[in-house]
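Engineer:
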């Protein structure tokens, strides 16, 4: 009796397995999102928001999500590389580039360090530009004012940022000072552990300028003036905010968020997911998610994405060397 | 401000949030009533549940659990002389004698009315004080934050139980040490991670809270071996006596409640001092306020002596929200647990909470009034039935708590390492508790540790490496002077013995 039951179960399992294999061999209708951080973080929001838009707009029949935090995202990254799961994409962002440059503990494997080259970049989907902000009553009206004050006395301009030395916030400001001809290493950088705290520090008067993501200061425009952003041209959501480029400082920086596949991912499949991620941005379902999260669409697929990552790695390595972070 | 109140009411009165206040109050009352389990355990158990909630909903639920637990704690204090929370220890002084005189119903009613009034009056203070303080707190700089945190840690140690100053300080230091594990937040350098990827992001706050409170409380119940539910069975819960108060009793309460509310609220606002200190202080002060003949009755079932601590502990709970909401600094172990939860919602409490998340700010305050009304209803007519829960045997309760702790922590990070770490920490906490080491300083220090280090190092960066920032600003200097006074007072006290 029992053996017959066992047989039945075995057949059942085998058929389920066979079915699932056959279903994956053609069009992608289910996608598994691997998230290198806990619930509620930036990666988590990007993956779940994208998954939601893809399913609601009919590109996917279902999306599943898995949070695997640890090692600043390194744990999920090594999991993707080692187990090469099927139909799975990993969400990542600028820290992938930065942490592999700084040899972040979670990204080091023996003598090697993991980077975007160890996985398959599918597409960058959204992004955020860097911004330099000052308090409403600040004497600084443009970035040139800041540079002038800095040249007079480098210690008089203290720059706040919402993360550690060598993080994006630090690099955005350092990049701007470097382009203005200053030694970015002499700029006093005051790190805070969250963008909101850095903003409070700026408003309390203990720092003079704030270097952070545009999204972080957009909501505080009643209290701060944004005196420059690192976009190539003005952005639609804030048409009155000047770019650094138009003030004569050619600084461009994008904090991207995008998706990566396991090494050896099928080329056709990569293309299909990339196309799906691009097409979904034209749907109202995506627009609803985008608006809710105040994302900026910066779609950057395939080879373009790879060359962007290459360029960002070169630029950031040079800057971090200069800053003495590495 | 009117706009804020309306916004808060709109959020707090939504169906989900109303349900959450009710749910929180009931859960809080039940957990708070069970001897040994306090608001910190109750809130720690709520964290995994609130994960993924809307922030205001989550905070409303936790606030409900918080004052529910303080409310519920009085029931076991009065009926079986076993306070559920440290904040209701002072309630036993006059509440239990009153119950022994066959006036248990009256005692419960006095406790309920006092708690209600204390909580409501303090919520009005909070409504006025918090927005005002929010404006002032924008001027707080890193050195001021650093000084405030030093004061908070010193205060929570100084005000812990008698003769435990040294033990409390040691626990605070242990908390600071645990906080250094992981990536340091100013330069991203990993510390004490023993090459483990699971430790590289630091020990999660939720894990510490669940291990140190929920889990170790449950284990302690096993260690103590005494099952208070047996005591409960011996009291006939249906014979609580009338819950009606006569005119004279009401008059006495009317005198006590206003002054105890003020004391309770002010103590609650102070960083490091919470419901426990407020209730003891209010009890002591009340004895000095009343007439000589009333003074004689203290400890023998005095109305004043019961109303004072019950008013003050609830008022202190509301007061503790002031530093949390305006400065982002938790004033007590319980609000520390709430801060951790808020951060996991992606909300940064502090000077700008008022502007960035006004709905959170106001709806929490508004939900307090609703919660108070619900608790009054819960605690008056329903109390004989709820009190039966005291008879739940421990062999059902303990496994339940252990299950929720383990499942809860796993469901947040999906990391089995966390489960082992939590069990290890819970065992450590248990052995420390067996030697009477207090836990609240540890949890507060763990939360403040990272912030304290950051603010100190930031102050040093801004002042270019000099320690002048300690006295450069009057605000910093005053706060630090207060800390020194507190320590010298403790040292003086121990030498006098």
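Chains as they are written, first to last, in my numbering: chain A, 220 to 545; chain B, 1477 to 1973. Even glycine gets a Cβ: it sits at the ideal position worked out from N, Cα and C.
Put residue 488 of chain A into one of helix, strand or coil per three-state DSSP.
Structural biologist: helix
Engineer: DSSP state of residue 1890 of chain B, grouped into three classes?
Structural biologist: It is coil, neither helix nor strand.
Engineer: Mapping DSSP to helix, strand and coil, what is residue 1735 of chain B?
Structural biologist: helix
Engineer: Helix, strand or coil, according to DSSP, for residue 242 of chain A in the structure here?
Structural biologist: With a pLDDT of only 43 at residue 242 of chain A, under 50, the local geometry of the prediction cannot be trusted, and no value is derived from it.
Engineer: I need the straight-line Cα distance from residue 344 of chain A to residue 1754 of chain B, nearest angstrom please.
Structural biologist: Distance from the CA atom of residue 344 of chain A to the CA atom of residue 1754 of chain B, rounded to whole angstroms, is 54 Å.
Engineer: Would you please verify whether the beta carbon of residue 444 of chain A is less than 8 Å from any beta carbon of chain B?
Structural biologist: It does not; no Cβ of chain B falls within 8 Å.
Engineer: Please list, in chain order, the chain B residues whose beta carbon lies closer than 9 Å to that of residue 377 of chain A.
Structural biologist: 1937 and 1938
Engineer: Which class does residue 410 of chain A belong to by DSSP, given the choice of helix, strand or coil?
Structural biologist: In the three-state reduction of the DSSP assignment, residue 410 of chain A falls in the strand class.
Engineer: In chain order, what residues of the segment 390-418 of chain A put their CB closer than 9 Å to some CB of chain B?
Structural biologist: Closer than 9 Å at the C-beta level to chain B, one finds these residues of the segment 390-418 of chain A: 407, 408, 409, 410, 411, 412, 413, 414, 415, 416 and 418.
Engineer: At the level of alpha carbons, what is the spacing between residue 275 of chain A and residue 1498 of chain B?
Structural biologist: 34 Å
Engineer: Looking at residue 463 of chain A and residue 478 of chain A, is the spacing between their C-beta atoms short of 8 Å?
Structural biologist: No.
Engineer: Which residues in chain B have a C-beta closer than 9 Å to the C-beta of residue 511 of chain A? List them in chain order.
Structural biologist: The contacting residues do not exist; residue 511 of chain A stays about 13 Å from chain B at best.
Engineer: Under 7 Å Cβ to Cβ from residue 1695 of chain B, same chain only, skipping five residues before and after it: list those, please.
Structural biologist: 1902 and 1906
Engineer: Can you give the Cα-Cα distance for residue 402 of chain A and residue 392 of chain A, rounded to whole angstroms?
Structural biologist: Answer to the nearest angstrom: the Cα atoms are 12 Å apart.
Engineer: Can you tell me where the beta strand (DSSP E) with residue 252 of chain A in it begins and where it stops?
Structural biologist: 249-254
Engineer: Taking a Cβ distance cut-off of 7 Å, strictly less, list which residues of the segment 1613-1626 of chain B are near chain A, in chain order.
Structural biologist: Within the segment 1613-1626 of chain B, the qualifying residues are 1614, 1615, 1616, 1617 and 1618.
Engineer: Is the segment 1623-1636 of chain B touching the segment 1952-1966 of chain B, taking contact as three or more C-beta pairs under 8 Å?
Structural biologist: yes
Engineer: Please state the DSSP three-state secondary structure of residue 1621 of chain B.
Structural biologist: helix
Engineer: What does residue 538 of chain A reach in chain B if we use C-beta pairs closer than 8 Å?
Structural biologist: Going along chain B, no residue has its Cβ under 8 Å from residue 538 of chain A, so there is no contact; the nearest lies around 16 Å.
Engineer: Quick check: is the beta carbon of residue 433 of chain A nearer than 8 Å to any beta carbon in chain B?
Structural biologist: No, its Cβ sits nowhere closer than 8 Å to a Cβ of chain B.
Engineer: Quick one: what does DSSP say residue 518 of chain A is sitting in, helix, strand or coil?
Structural biologist: strand
Engineer: Can you list, in chain order, the stretches of the beta strand (DSSP E) that have 3 or more residues and sit fully within the segment 1844-1926 of chain B?
Structural biologist: Fully enclosed beta strand (DSSP E) runs of 3 or longer: not present.
Engineer: For residue 365 of chain A versus residue 376 of chain A, is the C-beta spacing smaller than 8 Å?
Structural biologist: Result yes, Cβ atoms of residue 365 of chain A and residue 376 of chain A sit closer than 8 Å.
Engineer: Can you find at least 3 beta carbon pairs, one from the segment 1630-1644 of chain B and one from the segment 1830-1845 of chain B, that sit closer than 8 Å?
Structural biologist: Too few Cβ pairs lie closer than 8 Å, so no.
Engineer: Span of the beta strand (DSSP E) holding residue 285 of chain A?
Structural biologist: 281-286
Engineer: Using 8 Å for Cβ pairs, my map puts residue 1667 of chain B next to residue 409 of chain A. What's the rounded Cβ distance?
Structural biologist: Residue 1667 of chain B to residue 409 of chain A, Cβ: 21 Å. No contact.
Engineer: Could you work out which residues of chain A lie near residue 1828 of chain B, taking near to mean beta carbons separated by less than 7 Å?
Structural biologist: 415, 418 and 419
Engineer: Return helix, strand or coil for residue 1477 of chain B, following the three-state DSSP convention.
Structural biologist: In the structure shown, residue 1477 of chain B sits in coil (DSSP, three-state: anything other than H, G, I, E or B).
Engineer: Tell me the rounded alpha-carbon separation between residue 1633 of chain B and residue 1912 of chain B.
Structural biologist: Each residue's Cα considered, the two are about 14 Å apart.
Engineer: Alpha carbons only, please: which of B:1679, B:1550 and B:1612 is nearest the one belonging to residue 423 of chain A?
Structural biologist: B:1612
Engineer: Could you tell me if residue 267 of chain A is buried or exposed, where buried requires 16 or more neighbouring beta carbons within 10 angstroms of its beta carbon?
Structural biologist: buried
Engineer: What number of angstroms, rounded off, separates the C-alpha of residue 419 of chain A from the C-alpha of residue 488 of chain A?
Structural biologist: Each residue's Cα considered, the two are about 46 Å apart.
Engineer: Write down the C-beta distance between residue 349 of chain A and residue 433 of chain A rounded to the nearest angstrom, noting that I regard them as a contact closer than 8 Å.
Structural biologist: 7 Å
Engineer: How is residue 355 of chain A classed by DSSP in three states: helix, strand or coil?
Structural biologist: coil
Engineer: Grab the span of the beta strand (DSSP E) containing residue 443 of chain A for me, first residue to last.
Structural biologist: 443-448
Engineer: For the segment 287-305 of chain A, enumerate the residues whose C-beta is nearer than 8 Å to any C-beta of chain B, in chain order.
Structural biologist: Taking 8 Å as the Cβ-Cβ cut-off against chain B, the residues of the segment 287-305 of chain A that qualify are 287, 288, 289, 290, 291, 293 and 294.
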